[in-house]
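Numbering (my numbering), first residue to last: 21 to 412.
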């Protein structure tokens, strides 16, 4: 895992990433603190890229792929940032790196992901079958890749079934074909496997006066198609903007969200759930003991209304006193201040992870890239812009 931040306003963008990478082997977990997750395209391209979640794509390091794409672009520039997004995806699809083994690995990744959705200790075979049917319907309703899966199903049936048997041994042999179909539905759906990569592309095209940021999830390449989806787009151009400034956390984002919103996301969810539970329990009690008492029904409605009003007050208080002031503040930040803030937020996440006793999945050197229309991509070091790092 990792901690990454994007801070954007109409002056430019600051991208920050830690350099920790977790490497798992059979006997131990090792953390390496010199991974490269933040990149700048070369020459006249005012574009930065970040990765998180998975350091490789189809068994090839992202660092190699992005450096190769940067060389491919050379002095060529695109008019708008969305052109870079499309061009990179086309370049990724056409790379001569794909083998039968990498496709097999993608199939396996999705098989293990599908298996994780199934019950660990089912009471019956019917429980497994019901879960598979629900998964199939969910995945089929969210299609991302349009392709025939029959040939692939036959080709990888034995491989997928071996994954299924690790959880259910031979007790559910009759459901193996259904599991294969479910895995294929997953592969073609918008749901990503556990081995997907988060990719950030941010900056300017040559005709862009204001910056924008694209967040993508990329799972792999299957049957000649890259499986990806665009998660969010932040545009600051006045006529098309959906933001004038913001802090956008990626990967391990809980610490930053807590700072921005004024409350830990998990704590807020717990409060929300408990408020809902109180209302539901009260409703059940009144309906059970006073089913035909109109006064008690009115009382129930009044309590529901009061709880909802108090919760609305709670969320509005957070928004007005924490979220909105920070967003308003970010809108006016200089590029240098954005760099300091981005660096601080990543370091804060690392600090929390270290002293909370978590495995050191965030740490190492925090790298910060600033991108502006005036100066292009500039590396930000030790709280200041390094004048020697301006790109020619």
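Note that CB positions come from ideal geometry on N, CA and C, so glycine has one too.
Pairing residue 108 with residue 27, the inter-Cα distance amounts to about 23 Å. Rounded to whole angstroms, the gap between the alpha carbons of residue 71 and residue 391 is 17 Å.
Judged by DSSP secondary structure, residue 89 falls within the alpha helix (DSSP H) whose first and last residues are 82-93. For residue 72, the pairing in a beta bridge is given by DSSP as 218. Taken in chain order, the complete beta strand (DSSP E) segments of 3 residues or longer contained in the stretch 197-244 are 217-223, 232-242. Straight-line spacing of the CA atoms in residue 166 and residue 208 works out to 7 Å.
Counting along the chain, the unbroken alpha helix (DSSP H) around residue 279 starts and ends at 274-281.
Only residues of its own chain outside the window of five on either side were considered, and among them none has a CB closer than 8 Å to the CB of residue 287. 54 is the residue among 34, 30, 54, 29 whose C-alpha sits nearest the C-alpha of residue 40. Note that the C-beta distance between residue 285 and residue 276 is not below 8 Å. By the beta-carbon neighbour count (other beta carbons within 10 angstroms, threshold 16), residue 77 is buried. About 5 Å separates the CB atoms of residue 61 and residue 90; that is less than 8 Å, so the two are in contact.
For the 8 Å CB-CB criterion, residue 93 and residue 65 form a contact. In the DSSP assignment, residue 252 forms a beta bridge with 235. According to the DSSP secondary-structure assignment, residue 392 is paired through a beta bridge with 396. Under the DSSP definition of a beta bridge, residue 34 partners with 27, 390. For residue 60, no alpha helix (DSSP H) run applies; the uninterrupted beta strand (DSSP E) run containing it begins and ends at 58-60, by DSSP.
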